[in-house]
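Asker:
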Amino acid sequence: PLDINPLRGALKEFDDYDWVVFSSAAAVDAVIGLRSAPPAHARVAAVGTATAAALRRTDWPVDLIPVQAGAEHLAAALLAQEHKVRRVLFPASAIALPALARLLRQAGVEVEQIEAYRIVNVAGAADAWRSDLAKGVVDAVTFASPSAVSGLRAALNDPAFGKLDGLVVDAIGATTATALRRNGLTV
650 PLDINPLRGA
660 LKEFDDYDWV
670 VFSSAAAVDA
680 VIGLRSAPPA
690 HARVAAVGTA
700 TAAALRRTDW
710 PVDLIPVQAG
720 AEHLAAALLA
730 QEHKVRRVLF
740 PASAIALPAL
750 ARLLRQAGVE
760 VEQIEAYRIV
770 NVAGAADAWR
780 SDLAKGVVDA
790 VTFASPSAVS
800 GLRAALNDPA
810 FGKLDGLVVD
820 AIGATTATAL
830 RRNGLTV
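Our numbering puts the first residue of the sequence shown at 650, with every later residue one more than the last.
Right, here's the structure in full:
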């Protein structure tokens, strides 16, 4: 993030939250980089199995994973908890989709969504990617987030991005698959 202090401040007050909610492994890495110890009292939720695995690799407990991955499912699972969820810390990307925080806030939950990391496109890589696509040396592309879809589309430009259609295109989860379809690709 441009300013790490809001995240640092929130992490000092971990146990003032009922839940700490992670929607990506990158958010896990950002938080663990500042505080390796899990919260003593707040419970920990992960949006899906990949995020839960990232937490477990750092010896953090995972108290909740929705049956189906996705922000909407995580919000529903949190709101279905026996004890009322009042306050949530949500460390996330600077461009995190608003669904999770919005759904929780609509249910009366106080959500502190804090920028934990920022996605930066690699300068210069787009030329190499365009060249590889033009030469036909790419067989498959895997996307790990909706922001990766929009980032690659912006970096390649429309004609080059269109060359992905016809390749094997894979997504890490349903939200990313939806982003690919919205951008005209078959998953």
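Note that CB positions come from ideal geometry on N, CA and C, so glycine has one too.
These figures come from a predicted structure and were not determined experimentally.
1) Looking at residue 723: is its Cβ nearer than 8 Å to the Cβ of residue 758?
2) What separation, rounded to the nearest whole angstrom, lies between the Cα atoms of residue 690 and residue 684?
3) I'd like the span of the alpha helix (DSSP H) that includes residue 633, first residue to last.
4) For residue 736, which residues does DSSP report across the bridge?
5) Helix, strand or coil: how does DSSP classify residue 709 here?
6) Taking only the alpha-carbon atoms, compute the straight-line gap between residue 761 and residue 788 and give it to the nearest angstrom.
7) Between the beta-carbon of residue 765 and the beta-carbon of residue 679, is there less than 8 Å?
8) Name, in chain order, the residues that DSSP records as bridge partners for residue 791.
9) Just reading off the beta strand (DSSP E) that residue 692 is part of, what are its end residues?
10) If you measure between the beta carbons of residue 718 and residue 822, is that distance less than 8 Å?
11) Measure from the alpha carbon of residue 817 to the alpha carbon of each residue in 735, 790, 782 and 744, then state which is nearest.
12) Less than 8 Å between the beta carbons of residue 720 and residue 672, yes or no?
13) Mapping DSSP to helix, strand and coil, what is residue 731?
14) Rounded to whole angstroms, how far is the Cβ of residue 681 from the Cβ of residue 700, which I believe are closer than 8 Å?
15) In three-state terms, what does DSSP make of residue 814?
16) Going by DSSP, which residues form a beta bridge with residue 635?
Answerer: The structure says:
1) Between residue 723 and residue 758, the gap from beta carbon to beta carbon reaches 8 Å or more.
2) Cα to Cα, the separation comes out at about 15 Å.
3) Any answer about residue 633 is impossible in this case: the structure gives the chain only from 650 up to 836.
4) According to DSSP, residue pairing for residue 736 in a beta bridge involves 759.
5) Residue 709: coil per DSSP, three-state reduction.
6) Taken atom to atom, the span from the alpha-carbon of residue 761 to that of residue 788 is near 41 Å.
7) Yes, the pair counts as a contact, with Cβ atoms nearer than the cut-off.
8) In the DSSP output, where bridge partners are listed per residue, residue 791 has 819.
9) DSSP places residue 692 inside the beta strand (DSSP E), whose first and last residues are 692-695.
10) In this structure, residue 718 places its C-beta atom within 8 Å of the C-beta atom of residue 822.
11) Ranked by how close their Cα comes to the Cα of residue 817, the residues 735, 790, 782 and 744 have 790 in first place.
12) Taking 8 Å as the cut-off, the beta carbon of residue 720 is found closer than this to the beta carbon of residue 672.
13) Judged by DSSP in its simplified three-state form, residue 731 adopts coil rather than helix or strand.
14) Between residue 700 and residue 681 the Cβ distance is about 12 Å, and since that is not below 8 Å, they are no contact.
15) Strand.
16) Since the first residue of the chain shown is 650 and the last is 836, residue 635 is not available in this structure.
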